[in-house]
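Worksheet for the structure shown next.
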Amino acid sequence: DVKVTQSSRYLVKRTGEKVFLECVQDMDHENMFWYRQDPGLGLRLIYFSYDVKMKEKGDIPEGYSVSREKKERFSLILESASTNQTSMYLCASNGEKISYEQYFGPGTRLTVT
Amino acid sequence: LAKTTQPISMDSYEGQEVNITCSHNNIATNDYITWYQQFPSQGPRFIIQGYKTKVTNEVASLFIPADRKSSTLSLPRVSLSDTAVYYCLVGMYSSASKIIFGSGTRLSIRP
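One line per chain: the protein sequences are U and Y, in this order. Counting the first sequence from 1 gives a position; this note's numbering is that position plus 58. Counting the second sequence from 1 gives a position; this note's numbering is that position plus 63.
Here it is as structure tokens:
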């Protein structure tokens, strides 16, 4: 079974803090994704990585950056957390070139106070 | 961009067949249609994917008409455990800008 793990299920941070969300997958997948999920808005893609050190902006990249130094690990960084970044953050991965079968992690619920 | 439109919510009863339709009028030639299921406090889980006509697996069927401007997810004989949010996704891997989830359909199954 594919396993996608996220470093925390729940996280509380203060406004202005730098926040790191970590995601690890164990299936040697090329592609990894970060989404945020908010009530009424569904899932929105923040960033996408199709290879080590490669990244592409999604729909809502503002206020976020990402890092992929190793194939299995994809980090989402909030340089200076703000209250409007309070959300559920979901990481996903897949290894197919023409497929949307993504494997999701359990999510991190981030609260910024 | 191929945005999708789904009903916000649906209700049904155990043992019934449930059909959830997704509209995607601007679907591109290379786009695939994918459906996910999400339970509370969990990440979405892949259900089924198709390009045209009909696809069936052990969980669901996906019907896609010839013009591909809509698709219907069919869940046979639902149970209480099928209560979840169902997302329709249209797009292709090659560009992140084409990865768009719909707002989802909240399906409630009653005994």
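Note that beta-carbon positions come from the ideal geometry of N, C-alpha and C, so glycine has one too. Quick caveat: nothing in here was measured; it's all calculated off a predicted structure.
Item                                                                                                                                                                                                 : Value
Could you check whether the Cβ of G153 of chain U sits closer than 8 angstroms to any Cβ belonging to chain Y?                                                                                       : no
Flag this pair as yes or no: are the beta carbons of S122 of chain U and Y108 of chain U separated by less than 8 angstroms?                                                                         : It should be noted that the sequence gives Tyr, not Ser, for residue 122 of chain U. Not a contact, by the Cβ cut-off of 8 angstroms.
From the DSSP output, which residues share a beta bridge with T67 of chain Y?                                                                                                                        : Note: T67 of chain Y sits in no beta bridge, so no partner.
Considering only residues of the region 85 to 149 of chain U, which uninterrupted beta strand (DSSP E) runs meet the minimum length of 3 residues and lie entirely inside it, listed in chain order? : 89 to 96, 100 to 109, 112 to 115, 122 to 128 and 131 to 136
How about the region 126 to 139 of chain Y and the region 77 to 91 of chain Y: do they share at least three Cβ pairs that are nearer than 8 angstroms?                                               : yes
Distance, Cα to Cα, V62 of chain U vs L152 of chain Y?                                                                                                                                               : 20 angstroms
Which one of U:F132, U:I118 and U:G74 has the shortest CA to CA distance from S151 of chain U?                                                                                                       : U:F132
So with CB distances below 8 angstroms, who are the chain U contacts of G78 of chain Y?                                                                                                              : Residues of chain U passing the Cβ test: none, with the nearest at roughly 29 angstroms.
Would you mind giving the Cβ-Cβ distance between K71 of chain U and E137 of chain U, rounded to the nearest angstrom? I have them listed as a contact below 8 angstroms.                             : In fact, because the Cβ distance is near 12 angstroms, the residues do not count as touching under 8 angstroms.
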